[in-house]
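So the protein lines, in turn, are chains A and B.
According to the numbering used here, the first sequence is numbered sequentially starting from 47.
According to the numbering used here, the second sequence is numbered sequentially starting from 321.
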Amino acid sequence: MEIVFGLALLVIVGAVVLLFAMFGELASRLPRRDSGASDTRVQPLEEALIGRAPDTWPASLSDLAAAESGLLLVLSTACASCRQVAKQLSAEPIRNGAEPIAVLVSCGTQDSGEDFVQQHGLGRIPYFVDKGGDWVKNEFGVKMSPSGLVFRKGRLDSALLFQDLEALRAAGGHAPLADKVRR
Amino acid sequence: MRGDVLVVVAYNCIVASLLINAGLVKLTSPDALLRALQELFPAASTIKAWVVRPVAAVELTAGLGLIALATVRAAGVIAAILGVCFALLGVGGWLARSKVPCGCIGGYSDKPLGVTNVVVGLFLAFVLPLNTFITLGPTQISDYSPWALVGTSVGSLLICAWMNRRLSWSLLRPAGAPASEDGASR
């Protein structure tokens, strides 16, 4: 009886430790509120299907399919740092002749996606409202946001999880790092 | 219970608690250790996160093995080997002035590999000589596992609470701003 009680106690404690471990992992993915500075970490998305060319491109993203290289920013209406990224993006001037950039907004309904685009002034950039994030999930296995998908000749070349647009550019624009994160 | 036997049981419980905490956290978050290793050994950049998980399984096995009297010796050998490895990594981190948090013993902190790992590593390694030189009498054998189970449970809980004190405090204090959902899976 003592052994059974002890085992049950150990299992419960193990579950508590596991729960704290998950909280710790979750907390490590969030920027620290007291740090002030934005999080400049850029990490490769392990689950992304690198090298894949999608079966179909949404019409608004057709520039990416045809371009030598381009960037698709995956944002979500349910993610706080996506709003920060959207603000950074809307504050940037449009550069003629630069590599094409587009935005994919993952959302619950078409209306909430359109609202997100209007609210953050993203209408001047090619965008695609992806209901439920189904297209980007099915075509590239990407389920996280904000993430940056770099395309070369219509194929997914690298997929990066980021919090800061400048940090993403620095990672994607620097050839050795881009090679490093590419799988 | 004899005094020396009590010391063995208590020591085994602490070692088992440390290993169970370290193992469970490594299973969940292998990246912290991986980043710390990559800082020490640049060649480790090719190592994937899944490589760390078998190490976590070994830690868990050693920790649980210390609870049952029949497996104490074998678990002690594994714990001692792990302890020596921890200590060596600690020395490496200390010499290289490591700065990357290692998440060691399941800690949610900024502590890199260093002196703490050496101390904890040597503490773990000492479990083998202790169990070799102090043997349990026939009257103590039946008491060992119940005490070890309860002791390890309490020890694991206390170590978990201590190692996550900063995280607990950050969750308990009043929120000043809405929580972020960065990196959220949609």
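Backbone N, C-alpha and C fix where the C-beta goes; we use that ideal spot for every residue, glycine too.
Proximal residues of chain A, C-beta to C-beta of residue i below 9 angstroms
| i | result |
| --- | --- |
| residue 345 of chain B | 63, 64, 66, 67, 70 and 71 |
Residue of the options minimising C-alpha distance to residue i
| i | options | result |
| --- | --- | --- |
| residue 199 of chain A | A:193, A:146 and A:127 | A:146 |
| residue 433 of chain B | B:325, B:361 and B:335 | B:361 |
| residue 112 of chain A | A:183, A:201 and A:216 | A:201 |
| residue 42 of chain A | A:179, A:207, A:194 and A:209 | An answer regarding residue 42 of chain A cannot be provided, because it is not within the stretch 47 to 229 covered by chain A. |
| residue 415 of chain B | B:375, B:359, B:323 and B:384 | B:359 |
| residue 172 of chain A | A:152, A:148, A:163 and A:195 | A:148 |
| residue 331 of chain B | B:377, B:408 and B:449 | B:449 |
Assigned exposure category for residue i - 16 Cβ within 10 Å defines buried
| i | result |
| --- | --- |
| residue 390 of chain B | exposed |
| residue 221 of chain A | Residue confidence for residue 221 of chain A is low, a pLDDT of 36 falling below 50, so the modelled location carries little weight; the figure read from the coordinates is stated next. Classification for residue 221 of chain A: exposed. |
| residue 346 of chain B | buried |
| residue 340 of chain B | buried |
| residue 181 of chain A | buried |
| residue 483 of chain B | buried |
| residue 48 of chain A | exposed |
| residue 157 of chain A | exposed |
Interface partners of residue i on chain A, CB under 7 angstroms
| i | result |
| --- | --- |
| residue 341 of chain B | 63 |
| residue 333 of chain B | Chain A residues near residue 333 of chain B: none, gap ~11 angstroms exceeds 7 angstroms. |
Cβ separation of residue i and residue j, assumed to be a contact under 8 angstroms, to the nearest whole Å
| i | j | result |
| --- | --- | --- |
| residue 418 of chain B | residue 352 of chain B | Going by Cβ atoms, the distance from residue 418 of chain B to residue 352 of chain B rounds to 12 angstroms, so no, they are not a contact pair. |
| residue 174 of chain A | residue 106 of chain A | 5 angstroms |
| residue 465 of chain B | residue 388 of chain B | 6 angstroms |
| residue 369 of chain B | residue 354 of chain B | 6 angstroms |
| residue 74 of chain A | residue 128 of chain A | Their Cβ separation, rounded to whole angstroms, is 19 angstroms, which puts residue 74 of chain A and residue 128 of chain A out of contact at 8 angstroms. |
| residue 187 of chain A | residue 94 of chain A | 6 angstroms |
| residue 91 of chain A | residue 207 of chain A | 5 angstroms |
| residue 121 of chain A | residue 137 of chain A | With a Cβ gap of about 15 angstroms, residue 121 of chain A and residue 137 of chain A do not count as contacting. |
| residue 70 of chain A | residue 349 of chain B | 6 angstroms |
Within chain B, the residues that residue i reaches when beta carbons sit closer than 7 angstroms
| i | result |
| --- | --- |
| residue 48 of chain A | 466 |
| residue 55 of chain A | 469, 470 and 473 |
| residue 187 of chain A | Per Cβ cutoff of 7 angstroms: no residues; residue 187 of chain A is ~12 angstroms from chain B at best. |
Beta-carbon neighbours of residue i, restricted to chain B and to distances below 8 angstroms
| i | result |
| --- | --- |
| residue 60 of chain A | 340, 344 and 476 |
| residue 159 of chain A | Per Cβ cutoff of 8 angstroms: no residues; residue 159 of chain A is ~12 angstroms from chain B at best. |
| residue 116 of chain A | In chain order: nothing, as chain B lies at least about 22 angstroms away. |
Cross-chain neighbours of residue i in chain A, by beta carbon under 8 angstroms
| i | result |
| --- | --- |
| residue 349 of chain B | 67, 70, 71 and 74 |
| residue 484 of chain B | 66, 69 and 70 |
| residue 487 of chain B | 66, 69, 70 and 73 |
Beta-carbon neighbours of residue i, restricted to chain C and to distances below 7 angstroms
| i | result |
| --- | --- |
| residue 169 of chain A | Chain labels in this structure do not include chain C; the protein chains are A and B. |
Chain B residues whose Cβ lies nearer than 9 angstroms to that of residue i
| i | result |
| --- | --- |
| residue 242 of chain A | Summary: the structure shown does not reach residue 242 of chain A, with chain A confined to residues 47 through 229, and so no result is reported for it. |
| residue 194 of chain A | Under the 9 angstroms cutoff, chain B gives no residues; its nearest Cβ is about 13 angstroms from residue 194 of chain A. |
Just by C-beta distance, which residues in the stretch 399 to 425 of chain B are closer than 9 angstroms to chain A?
421 and 423
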